[in-house]
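Please read the structure below before turning to the comments.
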Amino acid sequence: GQSLEQPSEVTAVEGAIVQINCTYQTSGFYGLSWYQQHDGGAPTFLSYNALDGLEETGRFSSFLSRSDSYGYLLLQELQMKDSASYFCAVRDGTYKYIFGTGTRLKVLA
Amino acid sequence: EAGVTQFPSHSVIEKGQTVTLRCDPISGHDNLYWYRRVMGKEIKFLLHFVKESKQDESGMPNNRFLAERTGGTYSTLKVQPAELEDSGVYFCASSQDLRLTYEQYFGPGTRLTVT
Numbered sequence: 001g002q003s004l005e006q007p008s009e010v011t012a013v014e015g016a017i018v019q020i021n022c023t024y025q026t027s028g029f030y031g032l033s034w035y036q037q038h039d040g041g042a043p044t045f046l047s048y049n050a051l052d053g054l055e056e057t058g059r060f061s062s063f064l065s066r067s068d069s070y071g072y073l074l075l076q077e078l079q080m081k082d083s084a085s086y087f088c089a090v091r092d093g094t095y096k097y098i099f100g101t102g103t104r105l106k107v108l109a
Numbered sequence: 110e111a112g113v114t115q116f117p118s119h120s121v122i123e124k125g126q127t128v129t130l131r132c133d134p135i136s137g138h139d140n141l142y143w144y145r146r147v148m149g150k151e152i153k154f155l156l157h158f159v160k161e162s163k164q165d166e167s168g169m170p171n172n173r174f175l176a177e178r179t180g181g182t183y184s185t186l187k188v189q190p191a192e193l194e195d196s197g198v199y200f201c202a203s204s205q206d207l208r209l210t211y212e213q214y215f216g217p218g219t220r221l222t223v224t
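Chains as they are written, first to last, in the numbering used here: chain A, 1 to 109; chain B, 110 to 224.
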């Protein structure tokens, strides 16, 4: 079957750096996306990696290693507003997305 | 530009009843997706429309679920009859041409509770 694994919960303090890992097993791979969802809100797009390496967008960076079927989202200079759930999602060979179970990030003051 | 909208935001129904969820995608987005998240689990793909055609409905759980997208604009997802395990948050997402983009725009979801 197809599956993505990510930690269920991560806790960090304001100003810190946190890394959320994602390992995947899917039939076909076009790319790995990350989405952020605040409680009660819509998931919003953060980043997309189709090729190996690091993509940086402001305080957020995303990394992909296709040979290891692994990626991570790196959040720097954590702020309270970053408290949310973060989902990794693989775009498979049929253009649909397979999502992970989500990582709940708690940022402490 | 208006985002993806969903109606209703919440629905509480009894087992055996029928519920219809509606999604209005971003104007001009040919691709429309339905997903469901059961508490604590993954956001699970249900189906994908390209305009009015069902491109992929491999995630639909059973024949109690019926999705339509008449005219290639808004979409509805009907659950009939509803069962307890159908409870969850139903998300709709839309995107432009998949050959050009990878970003999906999600709606706020409909929280369905079946009692």
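Yeah, the Cβ is synthetic: ideal placement off N, Cα and C, and Gly gets one too.
Residues from the segment 78-98 of chain A in contact with chain B, defined by Cβ distance under 9 Å: Phe87, Ala89, Arg91, Thr94, Tyr95, Lys96, Tyr97 and Ile98
So which residues of chain B does Thr103/A contact, with C-beta pairs closer than 9 Å? What Thr103/A touches in chain B: nothing, since even the nearest Cβ is about 12 Å away.
Check for me: the beta strand (DSSP E) holding Tyr183/B runs from which residue to which? Counting along the chain, Tyr183/B falls outside any beta strand (DSSP E), and DSSP gives it neither H nor E.
Inter-residue spacing [alpha-carbon to alpha-carbon] between Ala50/A and Glu123/B: 44 Å
Please list the residues of the segment 149-160 of chain B that have a C-beta atom closer than 8 Å to any C-beta atom in chain A, keeping them in chain order. Gly149, Lys150, Glu151, Ile152, Lys153, Phe154 and His157
Can you give me the Cβ contacts of Phe215/B inside the same chain, cut-off strictly under 7 Å, excluding the 5 residues immediately before and after it? Val113, Phe200 and Ala202
Can you name, in chain order, every residue of its own chain whose Cβ lies under 6 Å from the Cβ of Lys127/B, other than the five neighbours on each side? One point to set straight first is that residue 127/B is Thr, not Lys, in the sequence displayed. So the list reads Gln189, once near-sequence residues are dropped.
Please list the partners that Asp195/B has in chain A, where partner means a Cβ-to-Cβ separation under 7 Å. Residues of chain A passing the Cβ test: none, with the nearest at roughly 19 Å.
Ignore the nearest five residues each way along the sequence and tell me which others in Ser120/B's own chain have a CB closer than 8 Å to its CB. Val128, Leu130, Thr219, Arg220, Leu221 and Thr222
Checking contacts by CB at 8 Å: is Leu221/B closer than that to chain A? no
Leu86/A and Gly71/A look like a contact to me (Cβ under 8 Å); what is the Cβ gap, rounded to whole Å? What sits at residue 86/A in the sequence shown is Tyr, not Leu. With a Cβ gap of about 12 Å, Tyr86/A and Gly71/A do not count as contacting.
Tyr24/A touches chain B at which residues, Cβ-Cβ below 9 Å? Per Cβ cutoff of 9 Å: no residues; Tyr24/A is ~12 Å from chain B at best.
Any idea if Asn3/A is buried or exposed, counting beta-carbon neighbours within 10 angstroms, 16 or more meaning buried? Per the sequence presented here, residue 3/A reads as Ser, with Asn not at that position. It counts as exposed.
Would you tell me roughly how many angstroms separate the C-alpha atoms of Gly15/A and Lys106/A, rounded to the nearest one? 13 Å
In terms of DSSP beta bridges, what is Ile17/A paired with? Its beta-bridge partners do not exist; DSSP assigns none.
Do you know how far the Cα of Glu192/B is from the Cα of Thr224/B? 8 Å
Along the segment 41-59 of chain A, where does the CB come closer than 9 Å to a CB of chain B? Name the residues. Gly41, Ala42, Pro43, Thr44, Phe45, Tyr48 and Ala50
Grouping DSSP H, G and I as helix and E and B as strand, with all else coil, what is Lys106/A? strand
Endpoints, the beta strand (DSSP E) within which Tyr86/A is located: Ala84 to Arg91
What do you get for Asn140/B, buried or exposed, if any count of 16 or more other CB atoms within 10 angstroms of its CB means buried? buried
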